[in-house]
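Read the structure below first, then the notes.
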Amino acid sequence: MNNTAVSADYIKTADEKILELKNVSLIFNEYGKKFAALDDVSFYLKSSEVLGIIGESGSGKSSIAKVITGLNKPSSGSIFYMGEDITRLKKEQKHRLYRHVQMVFQNAPASFNPRRKIGKSIEEIICRLCANAQGSVRQKAEKLIMEVGLDKEYLNRYPHEISGGQCQRAAIARAMAVSPRVLICDESTSALDVSVQAVIIDLLLKLRREKNMSLIFISHDLALVSSITDRLIIMDSGKIVESGNTCDVVSNPQSQYTKRLLDAVL
Numbered sequence: 001m002n003n004t005a006v007s008a009d010y011i012k013t014a015d016e017k018i019l020e021l022k023n024v025s026l027i028f029n030e031y032g033k034k035f036a037a038l039d040d041v042s043f044y045l046k047s048s049e050v051l052g053i054i055g056e057s058g059s060g061k062s063s064i065a066k067v068i069t070g071l072n073k074p075s076s077g078s079i080f081y082m083g084e085d086i087t088r089l090k091k092e093q094k095h096r097l098y099r100h101v102q103m104v105f106q107n108a109p110a111s112f113n114p115r116r117k118i119g120k121s122i123e124e125i126i127c128r129l130c131a132n133a134q135g136s137v138r139q140k141a142e143k144l145i146m147e148v149g150l151d152k153e154y155l156n157r158y159p160h161e162i163s164g165g166q167c168q169r170a171a172i173a174r175a176m177a178v179s180p181r182v183l184i185c186d187e188s189t190s191a192l193d194v195s196v197q198a199v200i201i202d203l204l205l206k207l208r209r210e211k212n213m214s215l216i217f218i219s220h221d222l223a224l225v226s227s228i229t230d231r232l233i234i235m236d237s238g239k240i241v242e243s244g245n246t247c248d249v250v251s252n253p254q255s256q257y258t259k260r261l262l263d264a265v266l
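Residue numbers (the UniProt record's numbering): 1 to 266.
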C-alpha cells in the first residue's frame with residue numbers, strides 16, 4: 001500500500017464494520033431476459049478504511065454504489081449500516097442514512113442543477129439534511145468550499161463557469177456538508193487530467209484523515225486505486241472474483257481476471 005493510504009496505527013483502532021453487504025443481487029429485465037447487475041455480492045467496510053472496488057465497464061461496480069445509496073433497490077440480500085438492515089427501512093427512515101453515506105459522481109457538472117449557483121446547491125443539502133447546523137447556512141457553505149481548496153467566491157458561480165476539477169471539489173464540499181461517515185467515489189477522477197486527479201485524490205485522503213471517514217473508491221484504474229487503498233475488491237460480470245488486502249491482491253493475484261487486469265497496467 002502506498003504511503004498516502006491509511007496508516008497501520010490508524011487501522012488498529014478501526015475494526016468496526018460500518019457497512020456490510022450480504023448476498024446482494026440486483027436483477028434487471030431487458031427485452032424479456034433477466035440480467036444480473038449484481039450476483040450474490042457480499043463484503044464489508046471498516047470504520048476509517050479506504051476500500052477499492054475495481055472492474056471494467058459493466059462489471060457491476062457502479063451498481064454497488066447505487067444499491068448502497070438507495071438509487072436502486074436490491075432484488076435480494078441485505079445491506080447493513082452500523083448493524084441495521086437498511087433494506088428494511090421505510091422511506092422516511094432512510095432519510096437518516098443519507099446523512100451518513102454520501103456519493104461523489106464521475107460527472108460532477110452534471111450532478112449540479114445548471115440553473116442554480118454552486119452555493120445554493122450546497123446550502124440546499126445543509127438545510128435538508130443538517131437539522132442542527134451551527135451558525136448560518138451561508139457560513140457553513142463558505143467553510144466547506146474553503147476546506148476543499150476553493151475561495152468562497154466560487155459559491156456565486158454556476159457549474160458551467162468553473163473547470164471540471166473545480167466542480168469536482170465543489171461536489172466533494174456538497175457531500176461533506178452532512179459530515180458523512182462513508183463517502184463513495186464512483187469514478188470521480190476518471191474524467192480529469194492526470195495532474196488534477198492527483199490533487200483530488202490527495203484532497204479526499206486528507207478529508208478522510210481529518211473527518212475520520214471511510215472511503216470507497218470505485219474505478220477501472222487498478223494502478224491508481226491500488227496505490228491508495230487498504231483493501232481491494234475485484235468485480236467481473238456482477239460478481240466478486242477476488243478480494244483481500246491491497247498488497248496481497250496485487251502481489252499474489254488468485255483469479256485469472258485479476259492477473260489480466262494487472263498485466264494491463266504493468
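Where is the CB? At the ideal position from N, CA and C, for every residue including glycine.
Nearest to Gly119 by C-alpha distance, out of Asp151, Leu155, Ile145 and Asn107, is Leu155.
Only residues of its own chain outside the window of five on either side were considered, and among them Gln102, Met103, Val104 and Leu183 have a CB closer than 8 angstroms to the CB of Ala175, listed in chain order. A contact between stretches requires three or more CB pairs, one per stretch, nearer than 8 angstroms, and the region 92-100 fails this requirement with the region 196-203. Under the three-state reduction of DSSP output, Met146 falls in the helix class. Rounded to whole angstroms, the separation of the alpha carbons of Gly164 and Val196 is 9 angstroms. In the structure shown, the three-state DSSP call for Ile184 is strand. Annotation: the continuous beta strand (DSSP E) that includes Gly52 extends over Val50 to Ile54. Residue Leu222 holds the alpha-carbon nearest to the alpha-carbon of Ser251 among Lys34, Gly32, Ser237 and Leu222. Membership of Gln168 in the alpha helix (DSSP H) is indicated by the continuous run Gly164 to Met176.
In the DSSP assignment, Leu97 falls outside any beta strand (DSSP E) and within the unbroken alpha helix (DSSP H) covering Lys94 to Leu97. Within the model, the alpha-carbon separation for Ser57 versus Ala264 is close to 15 angstroms.
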